[in-house]
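For the record, the sequence lines run as chains A and B.
Numbers given in the working numbering equal positions in the first sequence, counted from 1, plus 986.
Numbers given in the working numbering equal positions in the second sequence, counted from 1, plus 31.
From the three backbone atoms N, C-alpha and C, an ideal C-beta is built for every residue, glycine too.
Since the model is a prediction, treat every value here as computed from it, not as a measurement.
All remarks here apply to the structure that follows.
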Amino acid sequence: GIQVEQSPPDLILQEGANSTLRCNFSDSVNNLQWFHQNPWGQLINLFYIPSGTKQNGRLSATTVATERYSLLYISSSQTTDSGVYFCAATSGNTGKLIFGQGTTLQVKP
Amino acid sequence: NAGVTQTPKFQVLKTGQSMTLQCAQDMNHNSMYWYRQDPGMGLRLIYYSASEGTTDKGEVPNGYNVSRLNKREFSLRLESAAPSQTSVYFCASLRVAEGEQFFGPGTRLTVL
């Protein structure tokens, strides 16, 4: 089955800095999502982005399906951005999401 | 529109006890999923239901059973809980035509 790998595993930033998180996947996908898991454990949908580029405020994401990777950009980071960022992908038509191991982000004031 | 709801939020069981985790969605989605998340890891699929009346195993189904009661509800049952089932359980739903999956708030289960 499809495999999803994220990098880096951990990231520490000063408030105001920019960052790029990467997600590589091993096969073609028909769904790719980015999630933020906040310190209370809630999974928040950031982007549904099987291909192309999307932006939402300080966050944006790009998926290059032909090269099997996706990038999540965080600009002007804030302490509330802290938490774990997951990339998850599906192939086929069952909708079963395969998650990466996550990137743990800590933004220091 | 509550989205995906789960009950209970927290539960502590003794080894060998049974319990059912409840999940409901009000988005008229066809597909529903149960995942577990262990410390420091991503989510792994336990079972899923592509449509009302159907269920299939995911990556880690051993020790669990599921019931798709109707289009809205999908329950997960632990018949004889084991410490290895200590985890956070997430339910999710999907309208396949749209592709985006939505998650509930999770149930934190501890088995002593």
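Since I believe Pro1036 (chain A) is in contact with Val1050 (chain A) (beta carbons under 8 Å), could you give me their beta-carbon distance rounded to a whole number of angstroms? Between Pro1036 (chain A) and Val1050 (chain A) the Cβ distance is about 11 Å, and since that is not below 8 Å, they are no contact.
Is there a Cβ of chain B sitting closer than 8 Å to that of Pro1036 (chain A), yes or no? yes
List the endpoints of the continuous beta strand (DSSP E) containing Ser106 (chain B). Phe105 to Leu109
Could you spell out the range, first to last residue, of the beta strand (DSSP E) harbouring Val1015 (chain A)? Careful: Val1015 (chain A) lies outside any beta strand (DSSP E) and carries neither H nor E.
Using CA coordinates, which residue listed in B:Arg99, B:Tyr79 and B:Glu131 is at the minimum distance from Val67 (chain B)? Here the sequence assigns Arg to residue 67 (chain B), which means Val is not the residue at that position. Closest by alpha carbon: B:Tyr79.
Smallest Cα separation from Gln53 (chain B): which of B:Val142, B:Glu131, B:Leu125 and B:Asn96? B:Asn96
Assign Gly89 (chain B) to one of two classes, buried (16 or more other C-beta atoms within 10 Å of its C-beta) or exposed (fewer than that). buried
Answer with buried or exposed for Gln1019 (chain A), where buried requires no fewer than 16 other C-beta atoms within 10 angstroms of its C-beta. buried
Among the candidates A:Lys1094, A:Arg1008 and A:Asn1017, whose CA atom is the shortest distance from the CA of Leu1083 (chain A)? A:Asn1017
Quick one: any contact between the region 35–47 of chain B and the region 1071–1086 of chain A, if contact means 3 or more CB pairs under 8 Å? no
Where the beta strand (DSSP E) containing Met50 (chain B) begins and where it ends: Met50 to Gln56
Could you pull out every residue in the same chain whose Cβ sits closer than 6 Å to the Cβ of Val119 (chain B), ignoring the five residues on either side in sequence? Gln68, Gly137 and Arg139
Could you list which residues in chain A have their beta carbon closer than 8 Å to that of Ser62 (chain B), in chain order? Thr1080 and Gly1081
Run through the DSSP bridge pairs and tell me what Asp87 (chain B) is partnered with. B:Tyr79
Identity of the residues DSSP links to Asn32 (chain B) by a beta bridge: Paired residues: none, contrary to the question.
Label Thr1039 (chain A) either buried or exposed according to how many other C-beta atoms from any shown protein chain fall within 10 Å of its C-beta, with 16 as the threshold for buried. exposed
Test item: CB-CB of Leu1091 (chain A) and Ser1068 (chain A) under 8 Å: yes
Beta-carbon gap between Ser1077 (chain A) and Ile988 (chain A) smaller than 8 Å: yes
Integer Cβ distance of Phe105 (chain B) from Met58 (chain B), believed to fall under 8 Å: With a Cβ gap of about 13 Å, Phe105 (chain B) and Met58 (chain B) do not count as contacting.
Where does Asp996 (chain A) sit, in a helix, a strand or coil, going by DSSP? strand
Taking a Cβ distance cut-off of 7 Å, strictly less, list which residues of the region 110–141 of chain B are near chain A, in chain order. Val119, Phe121, Leu125, Val127, Gly130, Glu131, Gln132, Phe133, Phe134, Pro136 and Gly137
Would you say Leu1029 (chain A) reaches chain B, if we count a Cβ-Cβ gap shorter than 8 Å as a contact? yes
Chain-order list of residues whose beta-carbon lies under 7 Å from that of Gly94 (chain B) (same chain, five-residue window excluded): Leu109, Ala113 and Gln116
If we cut at 8 Å on Cβ distances, does Met72 (chain B) have a partner in chain A? yes
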